[in-house]
Amino acid sequence: MDNIMRQDASSAATARVTPQQYLQSLSRWRIIEIVFWLATLAPYFLFPNYLSLASQIAIAALFALSLDLILGYAGVVSLGHAAFFGLGAYSAGIFAKFVWGEPFTGLLVGATVAAIVGYGSSFIISRFRHLTLIMITLGLGLLLAEAANSAHWLTGGSDGFQGIEMWPVLGLFSFDLYGKTAYAYALGVLFVLFLGARRLVNSPFGLALRGIRENWVRMPAIGAQSRAHIRTAYTISAFMAGVAGAVLAQTTQTVSLESISFQRSADVLVMLVLGGAGRLYGGLVGSVIFMIARDQFSGIAPQYWYFWIGVLLVMVVTFLPNGILGGLSKIVARWRSK
Amino acid sequence: MLPPVFGVLFDGIAYGMLLFVLSVGLSVTLGLMNFVNLAHCAFAMLGGYVTVTLVNQFHWPFLATLPVAFVAAAAASVVLERILYRRLYRASDLDQVLLTIGIAFISVAVAAYFFGTLQQPIQTPEFLRGAVNMLGIGLGKYRLFLVGVALVVTVLLIAGLDYTRFGAQVRAAVDNQRMARGLGIDVDRTFAITFALGSGLAGLGGSLAIDIVGLDPSFAFTYLVYVLIIVSVGGLGSIAGSFAAACLIGISDIAGKYYVPELGAFLIYLVMVIVLMWRPAGLFGRR
Amino acid sequence: MTALATRGLSKTFGSLVVARDIELTLPVGARYALIGPNGAGKTTLINLITGMLAPNAGQITLGNDDITGLEPQERVRRGLARTFQINTLFAGLNPLEAVTLVVMERRGIARRFWQNIADNKEAIEEAYSILEKLKLGDCAYQTTRELPYGRQRLLEIALALATKPKVLLLDEPAAGVPQEESGEIFEVVGGLSNDLTLLFIEHDMHVVFRFATHIIVLVGGAIFTQGSPAQIAADPGVREVYLGKRHHG
Numbered sequence: 000m001d002n003i004m005r006q007d008a009s010s011a012a013t014a015r016v017t018p019q020q021y022l023q024s025l026s027r028w029r030i031i032e033i034v035f036w037l038a039t040l041a042p043y044f045l046f047p048n049y050l051s052l053a054s055q056i057a058i059a060a061l062f063a064l065s066l067d068l069i070l071g072y073a074g075v076v077s078l079g080h081a082a083f084f085g086l087g088a089y090s091a092g093i094f095a096k097f098v099w100g101e102p103f104t105g106l107l108v109g110a111t112v113a114a115i116v117g118y119g120s121s122f123i124i125s126r127f128r129h130l131t132l133i134m135i136t137l138g139l140g141l142l143l144a145e146a147a148n149s150a151h152w153l154t155g156g157s158d159g160f161q162g163i164e165m166w167p168v169l170g171l172f173s174f175d176l177y178g179k180t181a182y183a184y185a186l187g188v189l190f191v192l193f194l195g196a197r198r199l200v201n202s203p204f205g206l207a208l209r210g211i212r213e214n215w216v217r218m219p220a221i222g223a224q225s226r227a228h229i230r231t232a233y234t235i236s237a238f239m240a241g242v243a244g245a246v247l248a249q250t251t252q253t254v255s256l257e258s259i260s261f262q263r264s265a266d267v268l269v270m271l272v273l274g275g276a277g278r279l280y281g282g283l284v285g286s287v288i289f290m291i292a293r294d295q296f297s298g299i300a301p302q303y304w305y306f307w308i309g310v311l312l313v314m315v316v317t318f319l320p321n322g323i324l325g326g327l328s329k330i331v332a333r334w335r336s337k
Numbered sequence: 000m001l002p003p004v005f006g007v008l009f010d011g012i013a014y015g016m017l018l019f020v021l022s023v024g025l026s027v028t029l030g031l032m033n034f035v036n037l038a039h040c041a042f043a044m045l046g047g048y049v050t051v052t053l054v055n056q057f058h059w060p061f062l063a064t065l066p067v068a069f070v071a072a073a074a075a076s077v078v079l080e081r082i083l084y085r086r087l088y089r090a091s092d093l094d095q096v097l098l099t100i101g102i103a104f105i106s107v108a109v110a111a112y113f114f115g116t117l118q119q120p121i122q123t124p125e126f127l128r129g130a131v132n133m134l135g136i137g138l139g140k141y142r143l144f145l146v147g148v149a150l151v152v153t154v155l156l157i158a159g160l161d162y163t164r165f166g167a168q169v170r171a172a173v174d175n176q177r178m179a180r181g182l183g184i185d186v187d188r189t190f191a192i193t194f195a196l197g198s199g200l201a202g203l204g205g206s207l208a209i210d211i212v213g214l215d216p217s218f219a220f221t222y223l224v225y226v227l228i229i230v231s232v233g234g235l236g237s238i239a240g241s242f243a244a245a246c247l248i249g250i251s252d253i254a255g256k257y258y259v260p261e262l263g264a265f266l267i268y269l270v271m272v273i274v275l276m277w278r279p280a281g282l283f284g285r286r
Numbered sequence: 000m001t002a003l004a005t006r007g008l009s010k011t012f013g014s015l016v017v018a019r020d021i022e023l024t025l026p027v028g029a030r031y032a033l034i035g036p037n038g039a040g041k042t043t044l045i046n047l048i049t050g051m052l053a054p055n056a057g058q059i060t061l062g063n064d065d066i067t068g069l070e071p072q073e074r075v076r077r078g079l080a081r082t083f084q085i086n087t088l089f090a091g092l093n094p095l096e097a098v099t100l101v102v103m104e105r106r107g108i109a110r111r112f113w114q115n116i117a118d119n120k121e122a123i124e125e126a127y128s129i130l131e132k133l134k135l136g137d138c139a140y141q142t143t144r145e146l147p148y149g150r151q152r153l154l155e156i157a158l159a160l161a162t163k164p165k166v167l168l169l170d171e172p173a174a175g176v177p178q179e180e181s182g183e184i185f186e187v188v189g190g191l192s193n194d195l196t197l198l199f200i201e202h203d204m205h206v207v208f209r210f211a212t213h214i215i216v217l218v219g220g221a222i223f224t225q226g227s228p229a230q231i232a233a234d235p236g237v238r239e240v241y242l243g244k245r246h247h248g
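Residue numbers (numbering that gives the first Met the number 0), protein chains in the order written: chain A, 0 to 337; chain B, 0 to 286; chain C, 0 to 248.
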């Protein structure tokens, strides 16, 4: 989507637009975005039996969006992002069970715990690149997963964390069996945080992150503190991932080791890459496709599901390096130039 | 009489030697081309299944299957390198990670399809079963064999690197790729050959691993983690680094599981994170 | 008043000496050229001065400040900027975005993630005026990777100028640019303010003699000789080092 916006704006610019107006036009809301968000209401009318799947998709989309901030925009490849998702989930779950069942406070608790750990680990993350960085994110993720497994007095270990009871959202809407409240809650949270992410991406900081991804070497040469930027982005990303995990805990009222597992880290990476990283909507689109496909094929054994994921990955890297959104924007660009 | 800790140490070293054979190929190819190949242990798995098939279906002696496993894995890597890997040498880390993970997923599914998901047992030759008693500790004969094979591999590798022309080309390319190209060294061909050798060694490692840790389709990922840890901790492109790191990780893992089982795999992840924070390029790495 | 000075600057890689005891003094407003055969260590010297490479010994002073221990971005903040011999640009950004980024970093507002970038009128206008000065105004919205090579070289300089440097190190500003387009680049170089201190690496001796008031000759990592253009032109040692090369290196 970015490229189309740019080409639009570029041709408009030759029609005498001030630089400020040009930059403003890049962050204008597009019709297709409005269509997208209106479409997210469709499950209520078209697929009322699939609302719990819809909630799962919204949660996955928020998680993918959080990964996009560091991977698609700052270029930090993380194989352990589920650490923050899981931290958010467990913290929110523990908070709801032992302290207070109000949903929004629970979100804040989950997000804050994840953000604190994110901030701490960002000092390590920001110092490294390439394989070392990948390995450290993998290592930290695996460490936390093992820790969650071992601390079964707190987390329930492989039996899972049970017994969460949530109070009604805003005191009015209790989490019902059909998932109506859950979906509205998950979708609402996703939308609000999406607005925040959209603002970030179109801010000076968003530009700085893109600078880091585009040319790491040039950044110090223009006086930029790349490591500090990465720390900030990583912390914000951890916060968002924590919110996503918290929503999962609250809407499903259990937390399992899966939420902090390598599998979850790998899946979110696939979702993001499938949709296209660095395009804001890539993670959202990718999650929708991935989660629906997984639901449809849930009957087959896991290794065969991963066979198709493997094929998909090879295809995407070979033919669609910018994901589905990247491919679409190329097609649209070609169609426009005819 | 030696205290039991020496037995644990010996097991750790033997395990480390296995991990070394599995990892050294990845370390050298990473140091050479910075190509992140997460399908490395899929080649190991291939070697393992070749051995299983030859021993169980065709009744070959175990030792005879080892060179075949090496060759099969090397050949598979050549095919893959030609078709897919070649295009991604200058691609981003992320693309390389995704492509090779995808290949690993595919290979796991293929293995599961043909061999099922259960562990494949094989019969090792008579003279490798049992233990030798030395100073009160039982030294498993198979483990002694592992150590022996690893040492032979190490000697061959070091001799190859230091005394052959090809080895000199590899060393030059690891040291400074641009300059090596400038000197007329065909770095791409050097990489292709090194990659084949490294994958072949992984295949050998896979075969050797069957009797120690068992072989099933999840091998490709379970041992990938160990291999990646060793490669990062040891330093890219360093044989000595891989050797040292493999011993360190092997001993830590075995000792950890023996003395502090509640820690589980926690210990090696911690070791890795700490080493990388102290020396980001690995113990013997550069840059 | 000295804008930039180095004392005893040295760097070795194992047994390879890439910089040997380099002593440089650039007065404010200087137009110094750094020349030498390929591999003499000219870019290495720039990397040492900007902090991309850590020296084994020596001291670097910017104005009155000792910057030897400072990180590269710190040195930029104190007024030291450089361009790269090989384009090191933000390929996916357009010139306006790239220069705006530099301006915002300089003004310390790059961390603002809650604000739309378009709200920073002054920074954007400053960025655009830099682009116009470098004749890049009409391609300001085109993605950098689509720009012709000559324009990209100008953008290299624009990025450095946007940091409002006191000292600017130019590494072969017209490298790889065809003859017809290099004029634009040198016009820009020639039009730079007299308060700005310039050290540029160059192979084209016509350019060197046109712009430089003082020439430093680097050979094998050490300063071979230095002096006014007339002195250097007459120096037989320099001619020997170049073996009759008069145009490109």
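We put the beta carbon where it would ideally sit given N, CA and C, even for glycine.
Just so we're clear, the structure is a prediction, and the values are computed from it rather than from any experiment.
Who are the near neighbours of residue i in its chain, counting only those whose CB is closer than 6 Å to its CB and skipping five residues on each side?
{"i": "Phe318/A", "result": "none"}
{"i": "Gly47/B", "result": "Gly205, Ser206, Ile209, Leu214"}
Along the alpha helix (DSSP H) that carries residue i, what are the first and last residues, could you check?
{"i": "Arg278/B", "result": "Neither: Arg278/B is in no alpha helix (DSSP H) and is coded neither H nor E."}
{"i": "Lys256/B", "result": "238-258"}
Measuring straight from C-alpha to C-alpha, what distance separates residue i and residue j?
{"i": "Ala150/A", "j": "Phe122/A", "result": "25 Å"}
{"i": "Thr162/C", "j": "Val187/C", "result": "16 Å"}
{"i": "Ala171/B", "j": "Thr99/B", "result": "26 Å"}
{"i": "Glu80/B", "j": "Asn36/B", "result": "11 Å"}
{"i": "Pro3/B", "j": "Gly119/A", "result": "40 Å"}
{"i": "Asp234/C", "j": "Ala53/C", "result": "33 Å"}
{"i": "Ala221/C", "j": "Asp20/C", "result": "7 Å"}
{"i": "Gly155/A", "j": "Gln161/A", "result": "8 Å"}
{"i": "Ala149/B", "j": "Thr82/C", "result": "50 Å"}
{"i": "Leu134/B", "j": "Met44/B", "result": "36 Å"}
{"i": "Gln19/A", "j": "Leu135/C", "result": "16 Å"}
{"i": "Phe190/B", "j": "Lys179/A", "result": "57 Å"}
{"i": "Ile58/A", "j": "Ala243/A", "result": "5 Å"}
{"i": "Trp152/A", "j": "Ile93/A", "result": "12 Å"}
{"i": "Gly74/A", "j": "His228/A", "result": "12 Å"}
{"i": "Leu303/B", "j": "Ser76/B", "result": "Residue 303/B cannot be examined here, being either before or after the span of chain B that is shown, 0 to 286."}
{"i": "Leu106/A", "j": "Ser264/A", "result": "20 Å"}
{"i": "Leu23/C", "j": "Ala74/B", "result": "58 Å"}
{"i": "Glu257/A", "j": "Leu66/A", "result": "18 Å"}
Over the uninterrupted beta strand (DSSP E) stretch that includes residue i, give me the two end residues.
{"i": "Tyr31/C", "result": "30-34"}
{"i": "Pro26/C", "result": "15-26"}
{"i": "Met133/B", "result": "130-133"}
Looking only at its own chain, which residues have a Cβ that is under 8 Å from the Cβ of residue i, when we skip the five neighbours before and after it?
{"i": "His246/C", "result": "Because His246/C sits at a pLDDT of 48, beneath the cut-off of 50, its placement in the model cannot be relied upon, and the following sentence gives the value as read from the coordinates. Same-chain partners within the cutoff: His202, Asp203, Met204, His205."}
{"i": "Phe144/B", "result": "Leu127"}
{"i": "Ser9/C", "result": "Val16, Ala18, Arg19, Asp20, Ile21, Pro54, Asn55, Ala56, Gly57"}
{"i": "Val240/C", "result": "Gly35, Pro36, Val216, Val218, Phe223"}
So, at 7 Å on beta carbons, what are the nonlocal neighbours of residue i in its own chain, with the 5 sequence-adjacent residues on each side left out?
{"i": "Leu69/C", "result": "Gly50"}
{"i": "Tyr222/B", "result": "Leu21, Cys40, Ala43"}
{"i": "Asp170/C", "result": "Thr42, Ile45, Arg81, Thr82, Phe83, Gln84, Ile200"}
{"i": "Glu179/C", "result": "none"}
{"i": "Leu262/B", "result": "Gly255"}
Is the Cβ of residue i closer than 8 Å to any Cβ of chain E?
{"i": "Val76/A", "result": "Looking at the structure shown, chain E is missing, and the protein chains on hand are A, B and C."}
Would you list, in sequence order, the uninterrupted alpha helix (DSSP H) runs of no fewer than 4 residues that lie entirely inside the region 88-124 of chain C? 94-105
Below 9 Å between beta carbons is the criterion; list the residues of the region 91-118 of chain C that meet it against any residue of chain A, in chain order. Gly91, Leu92, Asn93, Leu95, Glu96, Ala97, Thr99, Leu100, Val101, Met103, Glu104, Arg105, Ile108, Ala109, Arg110, Arg111, Phe112, Trp113, Gln114, Asn115, Ile116, Ala117, Asp118
Within the region 34-88 of chain B, ranges of the alpha helix (DSSP H) (whole runs, at least 4 residues): 39-55, 61-82
Please give the ranges of any alpha helix (DSSP H) in the region 164-206 of chain B, keeping only runs that are unbroken, at least 4 residues long and fully inside the region. 164-174, 176-181
I'd like the ranges of any alpha helix (DSSP H) spanning at least 4 consecutive residues and lying wholly in the region 73-132 of chain A. 81-97, 102-124
Check each residue of the region 73-89 of chain C: if its Cβ is closer than 9 Å to any Cβ of chain A, include it; give the result in chain order. Glu73, Arg74, Val75, Arg76, Ala80, Arg81, Thr82, Phe83, Thr87, Leu88, Phe89
Output, in sequence order along the chain, the residues in the region 304-329 of chain A whose CB is closer than 9 Å to any CB in chain B. Trp304, Tyr305, Phe306, Trp307, Ile308, Gly309, Val310, Leu311, Leu312, Val313, Met314, Val315, Val316, Thr317, Pro320
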